[in-house]
Amino acid sequence: MIPSSRSWRPSYATAGTLKRMVAPSAAARAPKPISRIVVPTRPLHAAPAPPPTPATSAAAPEHKPMKIVTAYAFAAKPREMQEEEEEESNESSAAAQEDLPRKQRRSESRAPLRGGIIANSELERWRKKMLKGGDAGEDALFVTKSADQSTVLLGVADGVGGWSDSGIDPAHYSNALLYSAMKYAESHPTFPLPKVILEHAFEQVSKNPDIQAGSSTACLLRLDAVQGKASCVNLGDSGYLHLRPDPKSPEGRMQVVNSSVPQLYGFNCPYQLAKVPASMAQPGSLTNYPDDAAVQEFDLQRGDMVLVMTDGFLDNVHCKLPPRDALTPDAPRRPELLQLVDMLQDKHREHWSACKKQGATLADEKQDFANVMASTLMQYARLCQMTEEKVSPFQLDAARHGFHYPGGKIDDIALICAATV
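Residues 38 to 458 (this note's numbering) are what the sequence shown spells out, left to right.
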């Protein structure tokens with residue numbers, strides 16, 4: 038935990054309740070208060086090669102493809118404080134000038150929304166199957182494996198909440214985008230590259246008459262177990278982290294070897310794929326396209342882990358060390374995420390040694406650990422959202438833009454964990 042240190046903060050303007058900005062408005066790019074809502078050949082004249090010895094004549098061992106196990110977890114932002122928020126909105130203007138009470142900025146006012154996912158549609162059935170009765174709010178996610186079992190495709194998307202101010206359900210666009218991406222990928226024996234998949238999904242959503250309007254970030258990763266390669270396309274402030282055991286660590290501690298870079302117009306306003314009807318377009322409006330996304334490729338090794346998540350996690354858990362002035366003097370010099378992974382590794386080794394079933398394989402162990410990782414990281418991010426006693430990444434970003442926003446940012450969370458065996 039990174040304790041909050043009130044003394045380091047200048048006197049910033051209060052950010053108030055924050056909803057992520059919708060990029061189609063050029064004015065929205067400016068940081069301002071808003072509602073919270075990746076066999077040498079022998080030379081021609083060389084002497085003849087010696088006859089093969091038994092050791093050299095033996096067939097080379099066949100390369101065994103890696104196995105990739107996955108798990109995911111998600112949570113919608115809490116809604117139960119809506120009535121309290123409405124009551125508190127009537128407080129005096131003098132009190133409103135002070136830092137907002139925590140419960141006042143925890144939930145969003147929920148006006149009736151239109152343009153939502155159609156009941157009993159194929160999209161709704163898919164979403165219910167993925168979420169297994171749960172709720173991911175405006176976030177969406179999926180995990181699927183190719184027909185030839187060689188590749189795994191992971192995806193997360195975050196519907197931009199600012200659309201609710203216009204009466205549009207932000208969850209429809211993000212879910213439709215990922216559903217189209219998954220269906221297109223599954224129509225191929227081996228999955229295409231993520232950018233190709235995203236381009237197709239964007240095209241399908243743009244011409245779907247059931248989707249009135251909306252926008253979303255997106256992050257897709259393709260993991261190839263045969264080639265040992267990963268490829269990613271990321272647009273906006275969702276993203277991924279690639280973890281690998283440190284060869285210098287006797288305990289096999291993880292280190293971050295690759296990660297995405299957020300794409301932002303300004304504070305709390307990410308790049309986003311969008312569908313903006315002419316009736317809602319504004320002067321100077323802009324829309325991102327798949328060509329604006331960052332594309333990355335990296336190698337995979339056995340023992341690697343890949344985390345894919347929306348900003349509900351990344352805004353609340355430090356995946357890299359924050360500035361020194363945000364840390365207490367005794368704070369560990371290791372990112373918060375890796376501290377948590379260290380603890381989970383130790384606890385899981387103890388648990389697995391004591392409880393593993395007879396005949397359990399390494400893949401079984403990795404699957405169990407992936408389940409633990411996904412669930413625990415999501416729950417930890419939720420705890421971070423609800424406290425003002427820890428400096429969050431979102432708080433630091435708000436401070437850089439002149440806003441005072443102590444503690445975590447309440448948001449939906451979608452997180453996928455993949456591990457190679």
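Note that CB positions come from ideal geometry on N, CA and C, so glycine has one too.
The C-beta separation of M103 from G265 comes to about 6 angstroms, placing the pair in contact by the 8 angstroms criterion. In the structure shown, C421 adopts helical secondary structure according to DSSP, grouped into three states.
Around the Cβ of E236, a 10 Å sphere holds 16 or more other Cβ atoms; the residue is buried. Distance from the Cα of M291 is smallest, within the candidate group P231, P327, A456, for A456. Taking every protein chain shown into account, the CB of I154 has 16 or more other CB atoms within 10 angstroms, so this residue is buried. Between T227 and D283, the beta carbon gap of about 32 angstroms keeps them out of contact (Cβ cut-off 8 angstroms). H279: member of the beta strand (DSSP E) spanning 276 to 282, first to last residue. Under the DSSP assignment, C392 falls in the alpha helix (DSSP H) whose first and last residues are 373 to 392. Between the C-alpha atoms of L344 and W389 there is a straight-line separation of about 22 angstroms. Straight-line measurement puts the Cα of S296 at about 12 angstroms from the Cα of R281. In this structure, the CA atom of G444 is about 42 angstroms from the CA atom of K394. Using a 10 angstroms sphere on the CB of D172, the tally of other CB atoms stays under 16, which defines it as exposed. When secondary structure is reduced to three states using DSSP, N157 falls in the coil class, being assigned neither helix nor strand. With respect to the 7 angstroms criterion, S253 and L310 are classified as neighbours on the basis of their beta carbons. Spatial neighbours of E175 in its own chain (CB-CB distance under 7 angstroms, excluding positions within 5 residues in sequence) are listed in chain order as D195, G196, G198, P207, A208, S211, D449. By the CB criterion at 7 angstroms, L452 and A110 fall inside the cutoff. Annotation: S211 is outside any beta strand (DSSP E); the continuous alpha helix (DSSP H) that includes it extends over 207 to 223.
Under the DSSP definition of a beta bridge, P307 partners with L301. Shown here, S268 sits in a strand according to DSSP, grouped into three states. The distance from the Cβ of I248 to that of A213 is about 6 angstroms, consistent with a contact at the 8 angstroms cut-off. Under the 8 angstroms Cβ criterion, the stretch 266 to 281 counts as touching the stretch 321 to 337, having at least three qualifying pairs.
Under DSSP, K182 shares a beta bridge with V189. For the pair Y277 and A318, the Cα-to-Cα distance works out to about 32 angstroms. In this structure, DSSP gives L399 a helical state, which the three-state scheme calls helix. For A451, there is no enclosing alpha helix (DSSP H); the residue is found in the beta strand (DSSP E) stretching over 450 to 457. The residue from K285, L258, A418, M167 with its alpha-carbon nearest to that of Y216 is M167. Assigned with DSSP and collapsed to three states, L433 falls in helix.
Here E288 is exposed: its Cβ has fewer than 16 other Cβ atoms, across all protein chains shown, within 10 Å. Following the DSSP letters along the chain, one finds I447 in no beta strand (DSSP E), marked with neither H nor E. Note on geometry: alpha-carbon atoms of V428 and V378 lie some 19 angstroms from one another. L150 carries a coil assignment under DSSP once its states are collapsed to helix, strand and coil. Within 10 angstroms of the beta-carbon of M423 lie fewer than 16 other beta-carbons, which makes it exposed. One alpha carbon belongs to S286, the other to R386, and they sit about 16 angstroms apart. Ranked by how close their Cα comes to the Cα of L337, the residues M346, V294, I205 have V294 in first place. In the three-state DSSP reduction, K101 falls in the coil class, being neither helix nor strand. Exclusion of the five residues before and after Y417 leaves V354, L377 as the residues of its chain whose Cβ lies within less than 8 angstroms of its Cβ.
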